[in-house]
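Encoded as structure tokens, the structure appears first; notes follow it.
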Amino acid sequence: MSIQTYNTLSRRKEPLKTLEDGHVKLYVCGITSYDLCHIGHARSALAFDMIVRYLRYRGYTVTYIRNFTDIDDKIINRAAEQGTSASALAQRFIDEFYVDMDKLGVDRPTLEPRATEHIQEMIDLITELIDKGLAYQSGTDVYYSVNGFPEYGKLSGRNLDDMQAGARIAINENKTNPMDFVLWKGSKPGEPTWDSPWGPGRPGWHIECSAMSRKYLGDTFDIHGGGKDLIFPHHENEVAQSEGASGKKSVNTWIHHGFVTISDEKMSKSLGNFLTIRDVLKHYHPEVLRFFIFSTHYRNPLDFSETAMADATAGLDRLYECMATIDDLSNAGISEEKTAIASPKDSKKLHTIEERFQKAMDDDFNTAMGMGILFDAVKVINKICQQLPVSPSQADITLLKDSAILIKKLAAIMGLLQEDARKYLQQKKATMLNGLDISEQEILQLIQERKDARVAKDWARSDSIRDQLLAMGIELKDSSSGTTWEIRR
RNA sequence: GGCGGCGUAGCCAAGCGGCUAAGGCACUGGUCUGCAAAACCAUGAUUCAGCGGUUCAAAUCCGCUCGCCGCCUCCA
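Just so it is clear: in the first sequence, position 251 is 258 by the working numbering, and no numbers are missing.
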């Protein structure tokens, strides 16, 4: 069974076929670096991080290119506001981007080309388009002529007439067709500028990706990705540019992920309802964000809320707690003679984790289902652990340990369960304790006092200590080995 | 107005023609406990927005209605 991917171009799932056997060439639109990234950017980076990891897990070599748009109106404007240069501002937010990506544990793409380092390639491409009659100079600008590309609209599923009828764009005297888009912009005084056959200026946004993808992946490559909002006009324009110039199909599969919403509204800079990645990571572990993002299929909208993050936290904790339980399983007291507790049905479930997970992920990277399979396994493991006698059988221990290793391996595709389980749980406790007005020492002291009271069967005193701690958000757990504490969420 | 998507238990979310409609969170019951908490175990949709239709068979396909969202302007 091969991997099926949903292709925006054909509007259906298709078996993944690569140009070269076992090699996927992938291009993803990266950020325009003029501000801190929000969690929508995180979803994009994480979705493709997962896709690349899965493809590699399935044996593919992946060449993954993700660009930086480091020259653009927004960058220029923001730099002017802040009294700095466009390049300095762009560099600053590229650095900030890496800070966020590293915290999220996002693997670096194979190559991360920057627009400003590929001006010549863009000029060459624009020249080709002009030579083919697909672009024209008007004043100091160069425009793409959509009338020259009959397939314009094929990716976004619209046609020129419909678009013009509902067009909200201002009439531009310089354009032949209102839908024509700029390839090269003559620069205004004070703006960053590059020499070109059409005078000093800078490239339009769309031409960047066409020029850079062609340079690193060729005229035709396997997958192009980005957010759904890029389908039109950005990706549509890329198709027009790349295919107009080469005369060949540029991209076989277009993968677009859904948005992150807040209160069911698209998060965006203009609406002002966005949360930066670091805002979120201030309150939540990076893996909680990953868990949240992968709990829904990548193409569906994902609504951010404190509740959803709390759910994700609880789910991730459950996974880690299961792993910690298995890590703590000692090899002492194993009995060779004992028969296994795990029923044939249980072991079958555990033995089929990987094939079921693969089946889910092969189906257009269905992480939501993949996670369900992981939890399914956790349930079986917990059941076995609960019933384990003091001297467990070798068969059970082996099954449990092997399953945990497998779960970690599969979770790693989503970047989950990357930490040592005990360490994760302890770290979490420490972080949460930071937000409370009590030290661990004081807690331990109260626990000791309560222990004394309990030995004396002074339940009133014992319960009052428990209530006092609970009021501060600390919950006590009595077990045969003593009393431990935890912070209530 | 054009194009696209969504509506599945209290909430989130898989399933996309046929085995008991995954899984998570919450709730409830049980085990444990001095009582609790935590943990673990168990339990929940005769039903998939509504109405028709196709089919031996539909949450899944088709049509209509209602509700929600996105793109058509920079946007992940």
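For every residue, glycine included, the Cβ atom is placed at its ideal position computed from N, Cα and C.
Own chain, CB closer than 7 Å to residue i, minus 5 neighbours either side, in chain order
| i | result |
| --- | --- |
| G29 | G66, Y67 and T68 |
| G211 | F188, V189, L190, W191 and K192 |
| P293 | K110, L111 and G112 |
| S203 | I130 and W191 |
| P308 | G265, F266 and T268 |
| T332 | C392 |
| T346 | S400 |
| A287 | As written in the sequence, residue 287 is Val, which differs from the Ala given in the question. So the qualifying residues of the chain are I46 and L296. |
| A93 | I78, I82, I83, A86 and P199 |
| L141 | Y151, S152, G155, F156 and G251 |
Under the three-state DSSP convention, the category residue i falls into
| i | result |
| --- | --- |
| R209 | strand |
| F266 | coil |
| L190 | strand |
| R165 | coil |
| S253 | helix |
| R285 | helix |
| E21 | strand |
| R73 | strand |
| D131 | helix |
| R115 | coil |
| I333 | helix |
| F301 | helix |
| V397 | coil |
| G422 | coil |
| R306 | coil |
| A463 | coil |
| Q502 | Residue 502 cannot be examined here, being either before or after the span of the chain that is shown, 8 to 496. |
| Y150 | strand |
Rounded Cβ spacing between residue i and residue j (contact assumed at less than 8 Å)
| i | j | result |
| --- | --- | --- |
| S471 | R461 | Incorrect: roughly 12 Å between the Cβ atoms, too far for contact. |
| A122 | T91 | That belief does not hold up - the Cβ atoms of A122 and T91 are roughly 18 Å apart, past 8 Å. |
| W201 | I137 | So it is not a contact: roughly 17 Å between Cβ atoms. |
| L33 | I230 | 5 Å |
| Y291 | L118 | Not confirmed; about 31 Å, so no contact. |
| P116 | R60 | Contact doesn't hold; Cβ gap of about 12 Å is too wide. |
Residue i to residue j span [Cα, whole Å]
| i | j | result |
| --- | --- | --- |
| Q455 | Y431 | 26 Å |
| K195 | N84 | 12 Å |
| G225 | F239 | 23 Å |
| S354 | M219 | 50 Å |
| S410 | D403 | 10 Å |
| I341 | R325 | 26 Å |
| S40 | C392 | 49 Å |
| H213 | E245 | 6 Å |
| K24 | N259 | 9 Å |
| A54 | K366 | 18 Å |
| G37 | T70 | 15 Å |
| E21 | I58 | 16 Å |
| T12 | W261 | 9 Å |
| T15 | S163 | 8 Å |
| Q448 | K408 | 35 Å |
| K464 | S488 | 18 Å |
| F100 | G377 | 34 Å |
| M274 | D369 | 29 Å |
| E426 | F372 | 23 Å |
| S249 | V149 | 16 Å |
Sequence-distant residues of its chain with Cβ nearer than 8 Å to residue i (five each side left out)
| i | result |
| --- | --- |
| T571 | Since the first and last residues shown for the chain are 8 and 496, residue 571 lies out of range. |
| A375 | F301, S302, T303 and H304 |
| G208 | T147, D148, W191, K192, G193, S194, T200 and W201 |
Same chain only: Cβ atoms within 6 Å of residue i, ignoring 5 sequence neighbours per side
| i | result |
| --- | --- |
| I300 | R50 and L53 |
Handout entry: Inter-stretch contact at 8 Å, needing at least 3 Cβ pairs: the segment 163-170 / the segment 273-291
Key = no
Could you tell me whether the segment 366-382 touches the segment 393-403, using the rule of 3 or more Cβ pairs below 8 Å? no
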